[in-house]
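> Keeping their order, the protein sequence lines are chains A and B. For the first sequence, the positions run 0 to 273 when numbering that gives the first Met the number 0 is used. For the second sequence, the positions run 0 to 425 when numbering that gives the first Met the number 0 is used. Each residue gets a CB set at the ideal place from its N, CA and C atoms; glycine is no exception. Note that this is a predicted model, so its numbers are computed, not measured.
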Amino acid sequence: MVGFLNALNILLPTLYALLWADYALLFFRNDPFAERTAPLLLRITVSFHALFLGLWTVTYHHFPIASVFEANSVLAFSVATLYLLIETRIGVRTTGFFIIGIVVAFQLVSSAAVEPPSTFSGLLWEPAFMVHVFTALLGYSGLAVSAVYGLLYLMLFYDIKKHRFGLIYKQLPSLEIMASFTYRSASLGLAFLTVAMVGGFALLMRVYGTYWSWDPKLMTTCIAWLIYSLGLGASRIWGWSPKRVAFTSIAGFTVILFSLVIVNLVLTRFHVFV
Amino acid sequence: MDLIVVGLNHRTASVEVRERVAYDDREVQGVLARARSDEVLSEAILLSTCNRTEFYGLSNDNGSAEMYIRGLIAATKQVDLTAHPGYAYTLTRLESVRHLLRVAAGLDSLVLGESQILGQVRRAHELGVESGACGLTLNRLLQSAILVGRRVRNETSIGAGAVSVASAAAELAGKIFRDLSARSVLLIGVGEMGTLTARHMVERGVSKLTIANRTFHKAEELARELGGTALPLDRLESALAVADIAISSTAATTPIVSRKLMESIVGKRGGKPLVIIDIAVPRDFEASIGELDGVFLHDIDDMNLLVDRNLVKRRAEIPKAETIVEQEVEAFMAWRASLAAAPVIKKLRERVEELRSHEVERHRKRFCGNDREQVDLLTESLVNKILHPVMTRVREWGEEGHLGALRIDALYEAFDLERPDRDDEE
Numbered sequence: 000m001v002g003f004l005n006a007l008n009i010l011l012p013t014l015y016a017l018l019w020a021d022y023a024l025l026f027f028r029n030d031p032f033a034e035r036t037a038p039l040l041l042r043i044t045v046s047f048h049a050l051f052l053g054l055w056t057v058t059y060h061h062f063p064i065a066s067v068f069e070a071n072s073v074l075a076f077s078v079a080t081l082y083l084l085i086e087t088r089i090g091v092r093t094t095g096f097f098i099i100g101i102v103v104a105f106q107l108v109s110s111a112a113v114e115p116p117s118t119f120s121g122l123l124w125e126p127a128f129m130v131h132v133f134t135a136l137l138g139y140s141g142l143a144v145s146a147v148y149g150l151l152y153l154m155l156f157y158d159i160k161k162h163r164f165g166l167i168y169k170q171l172p173s174l175e176i177m178a179s180f181t182y183r184s185a186s187l188g189l190a191f192l193t194v195a196m197v198g199g200f201a202l203l204m205r206v207y208g209t210y211w212s213w214d215p216k217l218m219t220t221c222i223a224w225l226i227y228s229l230g231l232g233a234s235r236i237w238g239w240s241p242k243r244v245a246f247t248s249i250a251g252f253t254v255i256l257f258s259l260v261i262v263n264l265v266l267t268r269f270h271v272f273v
Numbered sequence: 000m001d002l003i004v005v006g007l008n009h010r011t012a013s014v015e016v017r018e019r020v021a022y023d024d025r026e027v028q029g030v031l032a033r034a035r036s037d038e039v040l041s042e043a044i045l046l047s048t049c050n051r052t053e054f055y056g057l058s059n060d061n062g063s064a065e066m067y068i069r070g071l072i073a074a075t076k077q078v079d080l081t082a083h084p085g086y087a088y089t090l091t092r093l094e095s096v097r098h099l100l101r102v103a104a105g106l107d108s109l110v111l112g113e114s115q116i117l118g119q120v121r122r123a124h125e126l127g128v129e130s131g132a133c134g135l136t137l138n139r140l141l142q143s144a145i146l147v148g149r150r151v152r153n154e155t156s157i158g159a160g161a162v163s164v165a166s167a168a169a170e171l172a173g174k175i176f177r178d179l180s181a182r183s184v185l186l187i188g189v190g191e192m193g194t195l196t197a198r199h200m201v202e203r204g205v206s207k208l209t210i211a212n213r214t215f216h217k218a219e220e221l222a223r224e225l226g227g228t229a230l231p232l233d234r235l236e237s238a239l240a241v242a243d244i245a246i247s248s249t250a251a252t253t254p255i256v257s258r259k260l261m262e263s264i265v266g267k268r269g270g271k272p273l274v275i276i277d278i279a280v281p282r283d284f285e286a287s288i289g290e291l292d293g294v295f296l297h298d299i300d301d302m303n304l305l306v307d308r309n310l311v312k313r314r315a316e317i318p319k320a321e322t323i324v325e326q327e328v329e330a331f332m333a334w335r336a337s338l339a340a341a342p343v344i345k346k347l348r349e350r351v352e353e354l355r356s357h358e359v360e361r362h363r364k365r366f367c368g369n370d371r372e373q374v375d376l377l378t379e380s381l382v383n384k385i386l387h388p389v390m391t392r393v394r395e396w397g398e399e400g401h402l403g404a405l406r407i408d409a410l411y412e413a414f415d416l417e418r419p420d421r422d423d424e425e
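1. So F3/A contacts chain B; which residues on that side make the cut at Cβ distance below 9 Å?
2. Of all Cβ atoms in chain B, is any one closer than 8 Å to the Cβ of Y168/A?
3. With which residues is D448/B paired in a DSSP beta bridge?
4. In the DSSP assignment, what residue or residues form a beta bridge with D1/B?
5. Could you tell me whether the Cβ of S184/A comes closer than 8 Å to any Cβ of chain B?
6. Thinking just about the alpha-carbon of each residue, which of C49/B, S95/B, Q77/B and N50/B is nearest to the one in E65/B?
7. Between the Cα of S117/A and the Cα atoms of I226/A, L14/A and H61/A, which residue gives the shortest distance?
8. May I ask which residues mark the beginning and end of the alpha helix (DSSP H) holding I344/B?
9. Do the segment 154-165 of chain A and the segment 100-113 of chain A touch if we need at least three Cβ pairs shorter than 8 Å?
10. Can you look up I175/B in the DSSP assignment and give me helix, strand or coil?
11. Given that a residue counts as buried once 16 or more other Cβ atoms are within 10 Å of its Cβ, and exposed if not, what is P277/A?
12. Exposed or buried, which one is R182/B when buried takes at least 16 other CB atoms within 10 Å?
13. For the segment 28-40 of chain A, enumerate the residues whose C-beta is nearer than 8 Å to any C-beta of chain B, in chain order.
14. If you measure from the beta carbon of E284/A to each beta carbon in chain B, is any gap under 8 Å?
15. In terms of alpha-carbon separation, which member of K169/A, Y152/A, S228/A and V206/A lies closest to L189/A?
16. What residues in the segment 172-206 of chain B have a beta carbon less than 7 Å from any beta carbon of chain A?
17. For V382/B, which residues in the same chain have their Cβ closer than 6 Å to its Cβ, ignoring the five residues on either side in sequence?
18. If you measure from the beta carbon of M0/B to each beta carbon in chain A, is any gap under 8 Å?
19. I278/B and L296/B - do their beta-carbons sit closer together than 8 Å?
20. DSSP three-state call for K207/B: helix, strand or coil?
21. At which residues does the alpha helix (DSSP H) containing Y148/A begin and terminate?
22. Go ahead and pull the three-state DSSP assignment for T11/B.
23. CB A167/B to CB A161/B, shorter than 8 Å?
24. How many Å lie between R88/A and L235/B at the Cα?
25. With the cut-off set at 8 Å, would you say V343/B and L410/B are in Cβ contact?
26. Contact check, L40/A vs L18/A under 8 Å by CB: the rounded distance?
27. Closer than 7 Å by C-beta to R19/B: which residues in its own chain qualify, once you throw out the five before and the five after it? Chain order, please.
28. So is S163/B in contact with chain A if we call contact Cβ pairs under 8 Å?
29. Can you tell me the Cα-Cα spacing of L310/B and Q170/A, whole angstroms?
30. Please report the distance separating the alpha-carbon of D30/A from that of K174/B.
31. Quick one: does I101/A have its CB under 8 Å from some CB of chain B?
32. How would you list, in chain order, the residues of chain B whose beta-carbon sits under 9 Å from the beta-carbon of K216/A?
33. Contact defined as beta carbons within less than 8 Å: I believe M200/B pairs with I244/B. What is the distance between those atoms, to the nearest angstrom?
34. Taking only runs that begin and end inside the segment 205-275 of chain B, name each unbroken alpha helix (DSSP H) of 4 or more residues, in chain order.
35. Would I176/A pass as an interface residue toward chain B - the criterion being a Cβ-Cβ separation below 8 Å?
36. Assuming the contact rule is C-beta atoms closer than 8 Å, D283/B and I210/B should be a hit. Round their C-beta distance to whole Å, please.
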């Protein structure tokens, strides 16, 4: 089983890289072969990934959220799954190149260094903790997808404004579609992040006897939550333009990335479970 | 039997001539019924669109077939093509096949890669089948043409991108709005290009059309024609405050909408985007309006740029489309050639089967019950094993042109097979 898991660990980034190449062919060259194979390869890769995560849980007796490297794989899986749902919904495949690009990055980081921990905190089997981590990862996925669509929105927006009718103009769906997915993905991400934060505060109270800690991860997550809440709220209440929502989404995800990379690896005190 | 096409198109004849020899569906059926009863063509198809009228036929004598088709056009449309040799063209055999497949691919169209022609080829096929004039060969040819049309559109980008100002404007609006059918269009001025663009938007299904013009009765006339609402030009500000797409093509010599006016309009729109296609020369909207948030301002140069780029992209797809055409021409010609082998295969099998059953019958009394059945099975199996490689070779000869035809001929001689008449071959 361990050998099979190791093989899957190599296979997954390879499949995602192939998928990314397929979407690149589709975006840059409108390749008919890529048009046919990309959706199929996406489904196959996501299925293998689900199998990998399931087998990892059974083999190593914990959900793969004990380390940043394990969590990155869950993150890659949830972003890919969310993209699969979006692609199926809108039938546009030209944005796959951008979304799968970040999935490749997450999975490469995971596969390169992931190892089953010899010991880990008993918290990992606590239902409340699992809900906290999984909702956080689902939230990050939604926010990542929202940031990519926000970025694409701005690229197309300025290309149209500046009368540039190049590849971005030709390949991307309408501004309205991308604005819709920026907003919806951010809303979904924010909802999950809110559940994760409420769960996190409850756990904090149980473990440390307080609802607050000056933990850098907690602080950056709260800042990101405030940015998203402000942006989405302003869009709903004051009719903020999709352009502003796109900027908000990118700003919020920059904070999330800082939280995921810098804070997780360097600064955190209590977000470690091995 | 050879294929022939006699026709004229946008390259060889002016619109005045083309409209005189255009056939509607009812006329096509009448002409095909007549061609069928006259028996000069054993099969016939008529493809008639606004840009071409082409008769495809199958006959024993292409010279007579050409004269017949020209006569048929003269009789039904009173246009003597022989008096104007430059109008019509005649292509035969391989060239006629290649021509139809290129037509279906959109390679011979006025607008390169346009997709309407495929539907028209399909309709010509249906009418041919309904009238009974489309037989085995033309049926297969039309199927090949439809297949080429589909393949070219699926496997190349020859039909992608707008190639007229009107469609470029719709394409641009489609890059901002998800669904044009939920959008309202404001046409400012009733200039030709603007009207054409508005008409295109209506065809794309926009929900509401408002026409504002200095001369109100002209706006009313056009509104009646396009199914919109007319508005005097002095109510332009309120119309711009609610429209999603504005198309402007007035004859005004100075801008009719200033930046200041547009700033106040944008303030009333609640952040809703406004697409302005200003195709007037001189322009109707001050250029700096394009800097305002939520306003996408594009002029005639932008539309021409879009059209030119799309045309260049379409032309770049021609080699891919031609390759598909050649693949299907080859497949069709191979199928045609293989038809020549079918009769000899049938005759040879009949002859050998006749010998086998005769011999089995002659010796039947020597065997009892079960053994007779076994002898039948054994001899049938033996015959099949002997004939199988022969049949394979004969099919290959059918695709080898003249040399293959000679070999097939030798087979008729060697086995003393009865030769089929020409109709059987088809």
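Answer, in terms of the structure:
1. Chain B residues near F3/A: none, gap ~39 Å exceeds 9 Å.
2. True, the Cβ-Cβ gap to chain B drops below 8 Å.
3. This structure leaves residue 448/B out entirely; chain B is present only between 0 and 425.
4. Beta-bridge pairing links D1/B to S58/B.
5. No, S184/A lies away from the interface with chain B (no Cβ there is under 8 Å from its Cβ).
6. Taking E65/B as reference, the option from C49/B, S95/B, Q77/B and N50/B with the minimal CA-CA separation is S95/B.
7. Taking the Cα of S117/A as reference, the smallest distance to any Cα among I226/A, L14/A and H61/A is reached at H61/A.
8. For I344/B, the uninterrupted alpha helix (DSSP H) segment begins and ends at I317 to R361.
9. The segment 154-165 of chain A and the segment 100-113 of chain A do not touch, with fewer than 3 CB-CB distances between them shorter than 8 Å.
10. In the three-state reduction of the DSSP assignment, I175/B falls in the coil class, being assigned neither a helical nor a strand state.
11. It is not possible to answer for residue 277/A, since the shown part of chain A is limited to 0 through 273.
12. A residue is called buried once 16 or more other Cβ atoms fall within 10 Å of its Cβ, and R182/B is buried on that count.
13. Residues N29 and P31.
14. There is simply no residue 284/A to check, as chain A begins at 0 and stops at 273 in what is shown.
15. Ranked by Cα distance from L189/A, the first of K169/A, Y152/A, S228/A and V206/A is S228/A.
16. So the close ones are G173, K174, I175, F176 and R177.
17. Exclusion of the five residues before and after V382/B leaves V351 and R355 as the residues of its chain whose Cβ lies within less than 6 Å of its Cβ.
18. No, M0/B does not count as interfacial toward chain A.
19. It is not a contact, given that the beta carbons lie outside the stated cut-off.
20. Correct three-state label for K207/B: strand.
21. Judged by DSSP secondary structure, Y148/A falls within the alpha helix (DSSP H) whose first and last residues are P126 to K160.
22. T11/B falls in the coil class under three-state DSSP.
23. In this structure, A161/B lies closer than 8 Å to A167/B by Cβ.
24. If I take the Cα positions, the gap works out to 39 Å.
25. For the pair V343/B and L410/B, the CB atoms are nearer than the 8 Å cut-off.
26. About 5 Å separates the beta carbon of L40/A from that of L18/A, a gap short enough to meet the 8 Å contact definition.
27. Excluding its 5 nearest sequence neighbours in each direction, R19/B has C-beta neighbours in its own chain below 7 Å: K76 and V78, listed in chain order.
28. Chain A contact via Cβ: absent.
29. Using only the alpha carbons, I get a separation of about 17 Å.
30. Straight-line Cα distance between these residues: approximately 21 Å.
31. With 8 Å as the cut-off, I101/A does not count as an interface residue toward chain B.
32. The premise fails here: K216/A is roughly 35 Å from chain B at the closest Cβ pair, so nothing lies under 9 Å.
33. Yes, M200/B and I244/B are in contact; Cβ-Cβ is about 7 Å, under 8 Å.
34. DSSP assignment within the segment 205-275 of chain B yields the following whole alpha helix (DSSP H) runs of 4 residues or more, N-terminal first: 215-225, 235-241 and 258-267.
35. Under the Cβ distance rule, I176/A counts among the residues neighbouring chain B, one pair being separated by less than 8 Å.
36. Contact doesn't hold; Cβ gap of about 14 Å is too wide.
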